[in-house]
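To start, the structure itself, in structure tokens.
Number of protein chains: 2
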Amino acid sequence: MRIGELARRTGVSERSLRYYEQQGLLVADRTSGGHRDYPEQAVDRVVRIQELFAAGLHSRKIARLLPCMRDADGGPSEIATPQLAADLAAERDRIERMITELTNSRDVLDEVINAASRRDP
Amino acid sequence: MRIGELARRTGVSERSLRYYEQQGLLVADRTSGGHRDYPEQAVDRVVRIQELFAAGLHSRKIARLLPCMRDADGGPSEIATPQLAADLAAERDRIERMITELTNSRDVLDEVINAASRRDP
DNA sequence: GTATAAGTTGACATTGATGTCAGGTTCAAG
DNA sequence: CTTGAACCTGACATCAATGTCAACTTATAC
Numbered sequence: 001m002r003i004g005e006l007a008r009r010t011g012v013s014e015r016s017l018r019y020y021e022q023q024g025l026l027v028a029d030r031t032s033g034g035h036r037d038y039p040e041q042a043v044d045r046v047v048r049i050q051e052l053f054a055a056g057l058h059s060r061k062i063a064r065l066l067p068c069m070r071d072a073d074g075g076p077s078e079i080a081t082p083q084l085a086a087d088l089a090a091e092r093d094r095i096e097r098m099i100t101e102l103t104n105s106r107d108v109l110d111e112v113i114n115a116a117s118r119r120d121p
Numbered sequence: 001m002r003i004g005e006l007a008r009r010t011g012v013s014e015r016s017l018r019y020y021e022q023q024g025l026l027v028a029d030r031t032s033g034g035h036r037d038y039p040e041q042a043v044d045r046v047v048r049i050q051e052l053f054a055a056g057l058h059s060r061k062i063a064r065l066l067p068c069m070r071d072a073d074g075g076p077s078e079i080a081t082p083q084l085a086a087d088l089a090a091e092r093d094r095i096e097r098m099i100t101e102l103t104n105s106r107d108v109l110d111e112v113i114n115a116a117s118r119r120d121p
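The listed protein sequences correspond, in order, to chains A and B. Position 50 (the first sequence) corresponds to 50 in this note's numbering; numbering is contiguous. Position 115 (the second sequence) corresponds to 115 in this note's numbering; numbering is contiguous.
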């Protein structure tokens, strides 16, 4: 699949897909003419990458993490080193705190929205 | 309370507190000499502001939202207009999706961390 | 009053993913 | 073979919160 289709199917811009490749997060075959050719599995991977970005991980860390994730089609190709695992554990805790904060914010918004809809039913 | 103490107690830098004031998110009395003097209640407010920033709201939107939130000491001083409420509802949905994504990422990290700790117990 | 800590404003820098544009090449269909 | 769509690289711009530094003023304790 080519970059346009991948962009369409993932909702990620072509610009970002090229950036992911530059950062070593995504690999693509090339046609004889140099156009990127992605495997079907790239769709899942891009979604994961996006989620990890949304979770506040930087591309360098994602690059180290990706080989340790199990793919849609099989187990991980690497096991995280103890150091990486500790690093990821810290990220995990940060994400957990983030979820708590987001939940708080969501509840605050709900309250404001409900107050408005009660006045203006 | 002065800015240094507020920064210490909230974990937010003095720089950011001044920025919040500049953006209309935070008000402070001034001493005769011009130093900021915050009420006790500012601590809670700063925490809320941080959470809303973490939820991806921009300062302008937070500024419109804040008067509609109930404070630690009482009800809201304003009720959101229908337009603001609709706007916030969209943010709410975005935050909800974000929580889902973060939960996914957390689970992925857990899996990688567990795989590493199983190999290296 | 003097020293030192804390505060003030203003300006400039940073960060990192993404947008955008230009100039050129490749692909696919007629 | 031609044409228009899709793709390539490279460069520059953006956004918004925060860091940082400078030059100065105020507060506090001795």
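Each residue gets a CB set at the ideal place from its N, CA and C atoms; glycine is no exception.
What is the DSSP secondary structure of residue i, reduced to helix, strand or coil?
i: A:D71; result: strand
i: A:R36; result: strand
i: A:R2; result: coil
i: A:D29; result: strand
i: A:V12; result: coil
i: A:Q50; result: helix
i: B:T81; result: coil
i: A:A55; result: coil
i: A:Q41; result: coil
i: B:Q22; result: helix
i: A:D107; result: helix
i: B:D120; result: coil
Using beta carbons (cut-off 9 Å, strictly below), is residue i in contact with chain A?
i: B:V108; result: yes
i: B:E14; result: no
i: B:A50; result: Looking at the sequence provided, one finds Gln at residue 50 of chain B rather than Ala. It does: the Cβ of B:Q50 has a partner Cβ on chain A nearer than 9 Å.
i: B:A42; result: no
So which residues of chain A does residue i contact, with C-beta pairs closer than 8 Å?
i: B:P76; result: V112, A115
i: B:I79; result: A115, A116, R119
Since residue i meets chain B, which of its residues come closer than 7 Å, beta carbon to beta carbon?
i: A:D120; result: P82
Taking Cβ-Cβ distances shorter than 9 Å, what residues in chain B pair up with residue i?
i: A:T103; result: I95, I99
In chain A, which residues lie less than 9 Å from residue i when you measure between Cβ atoms?
i: B:R92; result: S105, R106, L109, D110, I113
i: B:A122; result: No statement about residue 122 of chain B is possible, as the shown extent of chain B runs from 1 to 121 and does not include it.
Just the chain A side, please: which residues come within less than 7 Å of residue i by C-beta, in chain order?
i: B:A89; result: I113
For chain B, is any of its Cβ atoms less than 9 Å away from the one on residue i?
i: A:R9; result: no
TODO: Specify whether the region 56 to 64 of chain B and the region 26 to 38 of chain B touch according to this definition: at least 3 beta carbon pairs, one from each stretch, less than 8 Å apart.
DONE: no
Open item on the list: For the region 55 to 75 of chain B, list every residue whose C-beta sits within 8 Å of some C-beta in chain A, in sequence order.
Closed with: A55, L57, L65, C68, M69, R70
- [ ] Would you check if there are 3 or more beta carbon pairs closer than 8 Å linking the region 107 to 119 of chain A to the region 88 to 96 of chain B?
- [x] yes
TODO: Spell out a yes or no on whether the region 15 to 23 of chain B and the region 92 to 106 of chain B are touching, meaning 3 or more CB-CB pairs, one atom from each, closer than 8 Å.
DONE: no
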